[in-house]
Amino acid sequence: MSAGMDVLAGLEDRVPRGLAEAVSAMPLVDHHVHGSLTKPLTRAEFEEAINEGSPEPIPDFMTQFDSQLGFAIRRWCAPLLGLPPHAGAGEYWEARSALAPTELNRLFLAPAGVAHWIVDTGLSASSVTTPETMARDSGATVSEILRLELLAEKVAARTASPADFAEDFRAALAAAVPGVVGFKTIAAYRCGFDVDWSTPGGRSLERAVARWTARSSTAASRTAASGTALRLQDPEIISFIVHAAAESRLPLQIHVGYGDRDLDLHRSNPMLLLPLLRQAGIRDTPVMLLHCYPYHRESGYLAQAFSNVHFDVGLGLNHVGSRSADVVGEALELAPFAKQLYSSDAYAVPELHLLGAIHWRRSMAQVLGDWVRRSEWSEADAIRVAGMIGSGNARRIYRL
Amino acid sequence: MSAGMDVLAGLEDRVPRGLAEAVSAMPLVDHHVHGSLTKPLTRAEFEEAINEGSPEPIPDFMTQFDSQLGFAIRRWCAPLLGLPPHAGAGEYWEARSALAPTELNRLFLAPAGVAHWIVDTGLSASSVTTPETMARDSGATVSEILRLELLAEKVAARTASPADFAEDFRAALAAAVPGVVGFKTIAAYRCGFDVDWSTPGGRSLERAVARWTARSSTAASRTAASGTALRLQDPEIISFIVHAAAESRLPLQIHVGYGDRDLDLHRSNPMLLLPLLRQAGIRDTPVMLLHCYPYHRESGYLAQAFSNVHFDVGLGLNHVGSRSADVVGEALELAPFAKQLYSSDAYAVPELHLLGAIHWRRSMAQVLGDWVRRSEWSEADAIRVAGMIGSGNARRIYRL
Amino acid sequence: MSAGMDVLAGLEDRVPRGLAEAVSAMPLVDHHVHGSLTKPLTRAEFEEAINEGSPEPIPDFMTQFDSQLGFAIRRWCAPLLGLPPHAGAGEYWEARSALAPTELNRLFLAPAGVAHWIVDTGLSASSVTTPETMARDSGATVSEILRLELLAEKVAARTASPADFAEDFRAALAAAVPGVVGFKTIAAYRCGFDVDWSTPGGRSLERAVARWTARSSTAASRTAASGTALRLQDPEIISFIVHAAAESRLPLQIHVGYGDRDLDLHRSNPMLLLPLLRQAGIRDTPVMLLHCYPYHRESGYLAQAFSNVHFDVGLGLNHVGSRSADVVGEALELAPFAKQLYSSDAYAVPELHLLGAIHWRRSMAQVLGDWVRRSEWSEADAIRVAGMIGSGNARRIYRL
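From first to last, the protein sequence lines stand for chains E, W and B. Each residue of the first sequence is one higher than the one before, starting from 1 at the first, in the UniProt record's numbering. Each residue of the second sequence is one higher than the one before, starting from 1 at the first, in the UniProt record's numbering. Each residue of the third sequence is one higher than the one before, starting from 1 at the first, in the UniProt record's numbering.
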């Protein structure tokens, strides 16, 4: 963290000093993150951007600043703008508006203390910073994750015939591999997890691709190739691209649980992935369950039961704010410590890149610190486990 | 709270003084509550009445006083009967039995510090206090909620033909609107949430009403019009009455989760309401998810994702007792603070009207107090959020 | 506990002294436990044995010692081997390897402070200690639980014809009753809970048995009677044996939730048992929901709603380690205190027999101690409730 920032303020008598120093200072690997905006926002857009769940405008009767995330922004980010902690929302907004997007990105990214960002570039890439810019703004190194559904949509748009899709997709994957450290699927948003996860292929896959592209061609002719015309939602094709990616043995990130509302939350319960996880073709591929709230205990169970399954509670931490130590505690139940990672899932608003790291550091300090104070854990073990989850496991899995 | 009651006893070194004073004293709006009994109970009946879950008598091998609720009654209500805190169950029962129902109601309702009760009168109204009596016993004001299934059953009993039901129900709703501040559905008890929530009507609805009233007529001839003969359980009709009520734009309360055991708890998971919540006809109606335990995290997610969804953790608090701060903490994760409310769901036993308020005040003081002590929240913000959840949000939504 | 062991170390200023003394010293009934190994393990086998979830070897990149259970072994068991608390994994393994299985069993079982073990002998009985040996090693008394699926498989192997199975199974049950204090079903592993729980019998059952034994005969001829050839998975037959056992009115243990990975965790959610629990034939049989994590709140709800339902959070405690107070807290929400029990579910590794007791004592001391310090519970009540859950309820239910 930046020298001036006391990230464990208010926890002085709860955290043993050695652990506090280690957790404050350790460089992190944020293994799932996005870029931040390169253009200014209105206040209404900003409030919408800090409300993960909803595509609707914030209703008139409230401000999204009155939320855990809003309070955390006023507490931790206000001082970086020269304001006192807990500055009012209006005051915060005024100070923030005075800075250009690039200034904001530099201001908030560096003090996160992230040494390496693993970036999912699949979200509206045109208006957010590239991995290169993130690296420059934060003084960190970067790697890239490829979003499978996006690649499949690009391949489908140029494939000559449905019979070629499988081969074309594999070729596109192979071409992508040297440039990325892993893949990601957003099956949770596109079809849910309660689908047939067996390995598809052959004529049946070809027919599914034909149906998809036929429907999309018709739609495209109506929507003037809006870019969403080829939106992939067919579970058979999604199962195919997941299996195809798993063959590379690169880590496979899977969005699980909490996200915006077009997702059926209960259909993204990771237990519904059991039929996928039990397949031989997946066994040697590191599976990374992302976010997971409120199913992080289920993810912890899977991380214990399957030697290739890992998980994080990113995203959740930013949005539960002062409750993040409780969520981190729940994540530290069944799963071995080698199976957990840190991520922020920050997107668009650079405050999130910083707050993810602050919440994680404070949570680990509180949870592990209490175990040390109860004489259940040694302080050395606590520091070691924080290092594994904060960066070591990610460096091992992604071969950084 | 009444001057003599130290509702935050035992928390002195956990809660900053200003917050403690504010949370102890602030008047509440209990936005979902029932009347209390107007006739005396036997001890066996009392023990059954404090066991929400079960229609069975309490087994011989135990007393229901040995539960979180029983312990809370002995801790907080005993002193109002002139006994020491933690008085024995027998002692408590003896002192309580010496008072008439009206005396008990006055004794326990006033110190709850509730300024306004929003009363669901749909539960066996003959033997419990009316809203007017509650107002007089507590010195508070009152409003009324109308239970949709009960209204539908009354309408069906007098409707000339199934073809008239829809129009007659709408007319009955319109007639009721001036007297109530909202509606409530107990679909959780009658059909569960995993039903077709599309807008029904026309011939299909008519046929459903015909099936229902035909079956009920037969049953009624057997049961001598017991009042339960017309019990509404048909999901299509329930979907119709919910949509019809939503058109009024008055708040729509939905029982979610924990309740007595004829409900399939897992089929009252609020995530199963997604198909209802996504419909355009519901979007501008405030939806109030009641109770929600153990699905309060799911409800918090919905309250973030849908701008018209609100929720509370009433009922649960009374029954989890000393664990209520933990449940309140979980409720304060994803949902914006403008989307949460206080309720007790107290029914029959006036101790519940008081204990709901005590548990809520203690829980908020502990949870928010810890965040203030950790320097994460300002004390002023904590007091403001407690006021929003304790009364402000309810006053806005119900236009009190 | 053994005189030399300070089981509440590190909690001195969190637990009132009287409660601490009582909870440290009280003899427990471990109402669901297995034997420990009678032959030495390799370190790889030991690490696999402390990973409940998985049949796979521990991957090369990690050690299973880096888990809550591994840390608890190093913290609490190392001193019994003459090592300092938190001794390294290698050091621990070396010291442990120097002792014979019998020495290890004696070393770890006695300080658990368990007065009575109720043993499920259904797990690979040949290589683990018998109940008699457990009694001798620990100075405790023992009772036995009979595993229904195992009995059914034995009966099927010798039944002359499918038409005789029902009668033969009932006869075998009746013959077993004098020697056992209850039955156990592992339906969770064999078919899940989302099956038809009505009372089967007659021709339909006969046909199911015929299908099962026919398939098994074929399999047996191929696998040379491996002992698993007659593996019972048919839900109709499992429903039959559960109902048949329930008729005895002996306690019926049901594995719920967390277990190893051939189980579909979400299909062992206890809410799916509602159709079974609602049947008249079950109402007077004590039902014991075992383990339950992460569905312990659901189990608490069922224990409140059904007068014959009880539950524990055994197994979970050993595997969540330093998080066990949090899990115990969640278990103490809805369920009356007469409906909860202690178990370790320890198997194979005698450290588990001890750690289950340590985690339970520490958890109860912390959770109840905090409620006493908050003035919500009296210390006398806290001690009484700990005694009920630690042994009293089990003595009542199993008529020990």
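The C-beta atom is built at its ideal place from N, Cα and C for all residues, glycine as well.
Exposed unless 16 or more other CB atoms sit within 10 angstroms - verdict on W:Gln68:
buried
Going along chain W, which residues have a C-beta under 8 Å from B:Tyr342?
Neighbours of B:Tyr342 on chain W: none; closest Cβ ~17 Å, over 8 Å.
Residues within the segment 158-191 of chain E neighbouring chain W, beta-carbon criterion of under 8 Å
Correct list: empty, as no residue qualifies.
Can you have a look at E:Arg261 and say buried or exposed, based on whether 16 or more other CB atoms are within 10 angstroms of its CB?
Its Cβ being crowded by 16 or more others within 10 Å, E:Arg261 is buried.
State the CB to CB distance for the pair B:Arg361 and B:Ser24, rounded to an integer number of angstroms; the pair is presumed to be in contact (CB under 8 Å).
6 Å
Considering E:Trp360, what are the terminal residues of the alpha helix (DSSP H) in which it resides?
350-373
Whole-Å CB distance - W:Leu341 paired with W:His31, under 8 Å assumed
5 Å
Spatial neighbours of residue 412 of chain B within its chain, please: CB distance less than 8 Å, with the 5 preceding and 5 following residues excluded, ordered by chain position.
This structure cannot speak to residue 412 of chain B, because chain B is shown only from 1 to 400.
Can you pull out the residues from the segment 359-379 of chain B whose beta carbon lies closer than 8 Å to at least one beta carbon of chain W?
Against chain W - using a Cβ distance shorter than 8 Å - the residues of the segment 359-379 of chain B are Trp371, Arg373, Arg374, Ser375, Glu376, Trp377, Ser378.
Any C-beta of chain B sitting closer than 8 Å to the C-beta of E:Arg395?
Interface with chain B (8 Å Cβ-Cβ cutoff): E:Arg395 is excluded.
Beta-carbon proximity check, W:His353 vs W:Phe108, cutoff 8 Å:
Contact flag set, yes.
Any C-beta of chain B under 8 Å from that of E:Gly387:
no
Using a Cβ-Cβ cut-off of 6 Å (strictly less than) and excluding sequence neighbours within five positions of E:Glu236, which residues of its own chain qualify?
Pro200, Ala208
W:Ser226 versus W:Leu150 - alpha carbon distance
With a pLDDT of 42 at W:Ser226, under the threshold of 50, the modelled position of that residue is not reliable, and no figure is offered here.
For chain E, find out if any of its Cβ atoms is closer than 8 Å to the Cβ of W:Leu274; answer yes or no.
yes
Note down, in chain order, each residue of its chain lying with its Cβ closer than 8 Å to the Cβ of B:Leu8, except the 5 sequence neighbours on either side.
Val15, Ala20, Val23, Ser24, Arg361, Arg362, Ala365
Could you tell me whether any Cβ in chain E is nearer than 8 Å to the Cβ of W:Asp381?
yes
Grab the span of the alpha helix (DSSP H) containing B:Phe71 for me, first residue to last.
68-72
CB contact below 8 Å: W:Asn105 versus chain B
no
Taking one C-beta from the segment 247-261 of chain W and one from the segment 173-185 of chain W each time, how about it: are there three or more such pairs within less than 8 Å?
yes
Sequence-distant residues of its chain with Cβ nearer than 6 Å to E:Arg211 (five each side left out):
none
Closer than 8 Å to chain B by CB, E:Ala338:
yes
Assigned exposure category for E:Ala44 - 16 Cβ within 10 Å defines buried:
exposed
Between the segment 53-61 of chain B and the segment 375-382 of chain B, are three or more C-beta pairs nearer than 8 Å?
no
From this set, W:Ile241, W:Val33, W:Cys292, W:Leu315, which residue's C-alpha is nearest W:Val128's C-alpha?
W:Val33
heavy atom of the ligand GDP below 7 Å from B:Leu8 C-beta
Questions concerning the ligand GDP fall outside what the structure shown contains, since it holds no ligand whatsoever.
Alpha-carbon to alpha-carbon, B:Leu41 and B:Arg75:
21 Å
Got a sec: is the Cβ-Cβ distance from E:Asn318 to anything in chain W below 8 Å?
no
Do you know offhand how far E:Leu173's Cα is from B:Arg267's?
36 Å
Who are the neighbours of E:Thr258 on chain W, taking C-beta pairs under 8 Å?
Position check: residue 258 of chain E holds Tyr in this sequence, whereas Thr was assumed. Within chain W, the residues placing a beta-carbon under 8 Å from that of E:Tyr258 are Tyr301, Leu334, ordered along the chain.
Quick check: is the beta carbon of B:Met62 nearer than 8 Å to any beta carbon in chain E?
yes
How many Å lie between B:Ser299 and B:Arg278 at the Cα?
15 Å
Cβ-Cβ distance between W:Ala176 and W:Leu146 below 8 Å:
yes
Let me check understanding here. Comparing Cα to Cα, which of B:Ala245, B:Gly259, B:His86 lies closest to B:Ala188?
B:Gly259
E:Arg211 by DSSP, collapsed to three states: which one?
helix
Are the CB atoms of W:Tyr398 and W:Ile118 within a distance shorter than 8 Å?
Their beta carbons are under 8 Å apart, which means W:Ile118 touches W:Tyr398 by this criterion.
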